[in-house]
Amino acid sequence: MNDKLVWIDCEMTGLSLVDDALVEVAALVTDFELNVLGEGVDIVVKPPAAALEQMNEVVTKMHTSSGLLTELDAGVTLAEAEEQVLDYVRQHIPQPGKAPLAGNSVGTDRAFLARDMAALEGHLHYRIIDVSSIKELARQWFPRAYFASPEKAGGHRALADITESIEELRYYRRTVFVPEPGPDTESARAVAAEIVAARH
0 MNDKLVWIDC EMTGLSLVDD ALVEVAALVT DFELNVLGEG VDIVVKPPAA
50 ALEQMNEVVT KMHTSSGLLT ELDAGVTLAE AEEQVLDYVR QHIPQPGKAP
100 LAGNSVGTDR AFLARDMAAL EGHLHYRIID VSSIKELARQ WFPRAYFASP
150 EKAGGHRALA DITESIEELR YYRRTVFVPE PGPDTESARA VAAEIVAARH
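In numbering that gives the first Met the number 0, the protein residues as written are 0 to 199.
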């Protein structure tokens, strides 16, 4: 293990590993202080026509409102996308198997990476840092911090989703990973407001 995290988020035509396709992949590398290293990458992938045709109404609406659907024709191949992401990751983590994958509900993303971008998935450590797990534990054990957490914009674009995941972990680090009993509600809200203000 090293002192870096590889944050990856994927957008897909759905959640089926049999029928669905990757349509966007973004990556940011951070240190464990959650500072982003480099520019990161955000790549649109042109999916097979069959994957687009079977996309359900909810996913079609989501990718239409985010603007992603109109960008798909100009997308790159899976191989080109994998090469770009791997080049960026290797700039900061040259040795394979050293940095864990991080993100929100990242198990699904990892399954698609294993299927479509095996070299990239193989470069990551087997461990995962899933912010959604931390969030669920906070909901049970630190409800004041959970209910005061920063609102998500919910844009359903890969790079924006990663950035929000990093912000969420910054928030939970400052409000949950502290000595008992944790922060009061006012302090948690102040941290959330500070994180939201830093977006602009």
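Where is the CB? At the ideal position from N, CA and C, for every residue including glycine.
For Ala159, the three-state DSSP class (helix, strand or coil)
Of the three classes helix, strand and coil, the one that applies to Ala159 here is helix, per DSSP.
Classification of Phe146 by the beta-carbon crowding that lies within 10 angstroms, buried from 16 upward
exposed
Ile165, DSSP secondary structure in three states:
helix
Counting along the chain, where does the beta strand (DSSP E) carrying Met11 start and finish?
3–11
Is it buried or exposed for Lys60, if we count other Cβ within 10 angstroms and need 16 for buried?
exposed
Buried or exposed: Phe141, going by 16 or more other Cβ atoms within 10 Å of its Cβ?
Buried, since its Cβ has 16 or more Cβ neighbours within 10 Å.
What three-state label does DSSP hand Gly154 in the structure shown?
coil
Please state the DSSP three-state secondary structure of Val75.
strand
Hey, quick one: how far does the alpha helix (DSSP H) through Ala117 stretch, first residue to last?
For Ala117, the uninterrupted alpha helix (DSSP H) segment begins and ends at 117–122.
So, with DSSP's three-state summary, where would you put Glu23?
Reduced to three states, the DSSP call for Glu23 is strand.
Using the C-alpha atoms, what's the distance from Gly106 back to Ala113?
10 Å
Assuming Asp115 and Leu85 make a contact with CB atoms under 8 Å, what is their CB distance in whole Å?
Contact flag wrong, Cβ pair sits at about 13 Å.
What do you get for Thr174, buried or exposed, if any count of 16 or more other CB atoms within 10 angstroms of its CB means buried?
buried
Near Asp2, what residues of its chain come up, given a Cβ to Cβ distance below 8 Å and the 5 sequence neighbours on each side ignored?
Asp30, Phe31
Span of the beta strand (DSSP E), counted from its first residue to its last, around Ile133
That residue, Ile133, is in no beta strand (DSSP E); its alpha helix (DSSP H) goes 130–140.
Buried or exposed for Tyr125, please, with buried defined as at least 16 other CB atoms from any protein chain shown within 10 angstroms of its CB.
With fewer than 16 Cβ atoms within 10 Å of its Cβ, Tyr125 is classed as exposed.
Closer than 8 Å is the cut-off here; do at least three beta carbon pairs connect the region 95–104 with the region 155–167?
yes
Hey, Gln83 and Ile42: beta-carbon distance below 9 Å or not?
Closer than 9 Å, so yes.
Between the Cα of Gly74 and the Cα atoms of Val28, Glu120, Glu10, which residue gives the shortest distance?
Glu10
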